[in-house]
């Protein structure tokens, strides 16, 4: 239920944060939408409301009926149209939003889904609606931003990438994703980790490598991860794959059984609040994708102190600072070498604490909340307020032409 808030909207612009997959999909977009709403809902500089595709209503939070990606209709249409079901869901959600837009009349609609934004841009013109569209460019889209009023690029390299391809610099700003990260680093003792592994059904006598990613090959390249680990000599680490199932997941299950054996891996889809424990129980994190906007799972793993094995390019360099373990993962054998060359120092408490501190300083809501409020107020055409005036940004964090 969104409720009435006329007094609030007179002093602060109304922002609709919309996410079609929230409550039934487990990807970075959904995790960010939930965290962003929770982080900004009590900020006096804006009046933010959350609209999602399923789940219970709450204060300033409601769900709308729409075509869900996990339903037979979306899957059937996807096969017929050669489109991924999550894109059809996002597209349909743009139409589901129309009654809410007419009733709430927001100053800003803030979202991550490209297909929803395209629908809203068209209907806004047809219905002469006045809201501004702000896209969080988590997919690293490169072109086609003319229908958007603001684009939030998540790293300096991402902004440079789109500007080089003709994007209007005045529409683009750099602001990383925010994360709930404690200012204090608490590492598990050896005995606590052993107990946690037992509770989670994980081996206690070997290293565990975890990858939190959509269970696919076309983007997250989990087939590459499986094949690389398979060439590491025994006793090789145990592989734990955690993420949302997709059409390619069954093929990954077959490949993992063939290459690593039933006792050498686990593939799981779990609620979001269980992911952190699976990471805490692990020794290493791996992300094999060759491009990302700013991968949430990578930041979250680093904030927990895990050594992170990644492809070397500007996005992962920004995400991990000087603490990433990177190679050219386009090549066979590159990830296996990173695993084999891992030093004991990388597994130390001191190194883990430094990874956490970097993640906290760069990406925590403590550090970024005021900048999000300022971005959304700016999109609405509001002057900065005393409450929303952000601190001076650190180098590389917030940039506009």
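Numbering (our numbering), first residue to last: 7 to 407. The C-beta atom is built at its ideal place from N, Cα and C for all residues, glycine as well. Small disclaimer: the values here were computed from a predicted structure and weren't measured.
I believe residue 386 touches residue 303 by the beta-carbon criterion, under 8 Å. Please report the beta-carbon distance rounded to the nearest angstrom.
Incorrect: roughly 31 Å between the Cβ atoms, too far for contact.
Span of the alpha helix (DSSP H) around residue 245:
Note, residue 245: premise wrong, no alpha helix (DSSP H); beta strand (DSSP E) at 244 to 248.
Three or more beta-carbon pairs under 8 Å between the segment 37 to 45 and the segment 183 to 193, yes or no?
yes
Where do the N-terminal and C-terminal ends of the alpha helix (DSSP H) with residue 364 fall, by residue?
355 to 369
Assigned secondary structure, residue 65 (DSSP; H/G/I helix, E/B strand, else coil):
coil
If you reduce the DSSP assignment to three classes, tell me which class residue 190 lands in.
coil
First and last residue of the beta strand (DSSP E) that includes residue 311?
Looking at the DSSP string, residue 311 is not in any beta strand (DSSP E), and its letter there is neither H nor E.
Looking at the strands, I want to know which residues DSSP matches up with residue 159.
180
To which residues of the same chain is residue 144 closer than 6 Å at the C-beta, ignoring the five residues directly before and after it?
118 and 299
Is the beta carbon of residue 320 sitting closer than 7 Å to the one on residue 290?
no
Should residue 235 and residue 258 be called a contact, given that it needs their Cβ atoms to be closer than 7 Å?
no
With DSSP run on the structure shown, which of helix, strand or coil describes residue 37?
helix
Identify, in the order they occur along the chain, each residue of the same chain with its Cβ nearer than 6 Å to the Cβ of residue 361, setting aside the five sequence neighbours on each side.
308, 311 and 329
Residue 425 versus 18, 60, 65 and 112, residue with shortest Cα-Cα distance
Residue 425 lies beyond the stretch modelled for the chain, which goes from 7 to 407, so this question has no answer here.
Would you kindly work out how many angstroms separate the C-alpha atoms of residue 267 and residue 207, rounded to a whole number?
16 Å
Contact set for residue 73: own chain, Cβ-Cβ below 7 Å, skip 5 residues either direction
79, 80, 94, 95 and 98
DSSP state of residue 332, grouped into three classes?
strand
Straight-line gap, residue 250 to residue 75 (C-alpha atoms, nearest Å):
12 Å
Quick test of your reading: residue 248 and residue 276, contact by CB under 8 Å. State the CB separation rounded to the nearest angstrom.
6 Å
In the DSSP assignment, find the unbroken beta strand (DSSP E) run with residue 238 in it and report its ends.
Element bounds for residue 238: n/a, residue is neither H nor E.
Where residue 117 sits in the DSSP three-state scheme
strand
Sub-7 Å separation of residue 355 and residue 327 beta-carbons
no
Can you tell me where the alpha helix (DSSP H) with residue 58 in it begins and where it stops?
Taken as a continuous stretch (DSSP letters only), residue 58 belongs to no alpha helix (DSSP H), being part of the beta strand (DSSP E) at 53 to 58.
Inspect the beta-carbon positions of residue 36 and residue 27 and report whether they are closer than 7 Å.
yes
On a CA-only basis, which of 58, 62, 19 and 31 is nearest residue 49? Give me that one, please.
19
Alpha carbon to alpha carbon, what distance is there between residue 137 and residue 24?
13 Å
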